[in-house]
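Presented below is the structure to which this report refers.
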Amino acid sequence: MMNWLNGMINRLQPDLFRPEDLQLLPPDEYVPILSDIVLPSIFLAVLFIIIRHLLDGILIKPIGTYFHVNDTVSKESVPPIPVLEAGYKVSRNPKPDAIMSLAKKSEMTVRQVEIWFRKRKKQDKVTDMKRLEDASWQFIFYFIMSWYGIYVLWDKPWFTKSVHCWTGYPTQQTVSDGIYWYYLLELAFYISSIVTICTDHKRKDFVEMSVHHIVTILLIGLSWNYNAVRVGTLVICIHDPVDYILAFAKMSNYCKYTKVSDLLFVLFAAVWIATRLIIYPYMVLYSVTIELPEYANNSGPHEKYYGNSFVMQLLKVMLGVLQILHIFWSIMIARTAATKFTEGQLQDVRSDSENSEKEDETSHKHHTEDTSHMNGHIKRVKTIS
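Going by the numbering used here, the letters in the sequence shown line up with residues 924 to 1308, in that order.
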């Protein structure tokens, strides 16, 4: 069964290496084979999910408890009103026009509808303990893989000069065991992330993160399939370091070490600008658009798979999509920094609307009378039904 599956997977890989090309390679050198990474990455992704849940219970929760991280949800409940529940599924933060419409349909006042939405959101609020678990898993993985990537690539010529990504490409490029495991672990992690991003609390950039993970999986898979592994390792190595700094900043924030969190956020912003907005376009985008057509071997019977092929053009497009996402998140980071300077508190760049929850709590203090009216209305609705 496994041999049959591997055979079907390998049919998706073009015959980049002619027999005479393989004969020129050293006997101990390895060339990418698609089946060597697809099924192992899926099995490893399942293992990652299991390890993550084990770490949450064995390590992260005890640490969070020690630092008094909040692990309770709001006990304030609100009886379901079908009209408002339908509106809540559309938007957790409806606009004034939508609130007016819901008030008319439910025969409630605007203020009562606003209070209902505030209480309904508190029911779905994610605890800081859950956020700590998510950030801790990201920190552990990205920290290990960042330094492992540097260790693997340190002596590689393309680590400092991206032109070496394409010299002799693809027939004269091979893959070491270290790079194989680097690719396999990264691919497995992003496959597992596609699962966990759907099961974890929904963040405000859920769509962007989903696109990011899908593009990353496609990039890793296609670059392995077409032996564009060298530039792939550069993309991974550039992306990982900033992620573990951000994750550690979040962990510090949830553990109430705000000064440490603020300092880490400044470091994160600096590394983000350096890696995502300077090094990435300068090394990776420049390399695939300028150096690839010039230095790749575009002659021979398989030239359709090389620099000017459709697949390589697709890889360029997806690398460009990553840069667009970098710009989008840079705007979010700038807004977070502005919030820090104006309100004096660092917010999670990708968290749910924590500010709105605080505003809701403040407004609640001034509208207790409306709350009692709303509760009375709910009782009348129950009586009628």
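Idealized CB from N, CA, C, for every residue including glycine.
Tell me which residue opens and which closes the alpha helix (DSSP H) that residue i is part of.
i	result
residue 1118	1100-1122
residue 1185	1181-1197
residue 1217	1215-1218
Is DSSP giving residue i helix, strand or coil here?
i	result
residue 953	strand
residue 1088	helix
residue 926	helix
residue 1233	helix
residue 1156	helix
residue 1150	coil
residue 1097	coil
residue 1035	helix
residue 934	coil
residue 948	coil
residue 1030	coil
residue 1225	Its pLDDT being 46, under 50, residue 1225 is placed unreliably in this model, and the value from its coordinates should be taken loosely. DSSP places residue 1225 in coil when its eight states are reduced to three.
residue 1274	With a pLDDT of 49 at residue 1274, under the threshold of 50, the predicted position of this residue should be treated as unreliable, though the coordinate-derived value follows. Coil, per DSSP.
residue 1248	helix
Beta-carbon separation of residue i and residue j under 8 angstroms?
i	j	result
residue 1033	residue 1022	yes
residue 1158	residue 1142	yes
residue 1017	residue 1040	yes
residue 1177	residue 1051	yes
residue 1218	residue 1089	yes
residue 964	residue 929	no
residue 1118	residue 1055	no
residue 1086	residue 952	no
residue 1174	residue 1058	yes
residue 1144	residue 1110	yes
residue 1253	residue 1186	no
residue 1150	residue 954	yes
residue 1241	residue 1138	yes
residue 1238	residue 1107	no
residue 1246	residue 1203	yes
residue 1081	residue 975	no
residue 1066	residue 1167	yes
residue 1115	residue 981	no
residue 948	residue 1156	no
residue 1172	residue 1256	no
residue 1075	residue 1113	no
residue 1102	residue 1154	no
Just list the alpha helix (DSSP H) runs in the segment 1040-1093, keeping only unbroken ones of 4 residues or longer that don't cross its boundaries, in chain order. 1051-1076
Ignoring anything shorter than 3 residues or poking outside the segment 954-1025, list the beta strand (DSSP E) runs there in chain order. none
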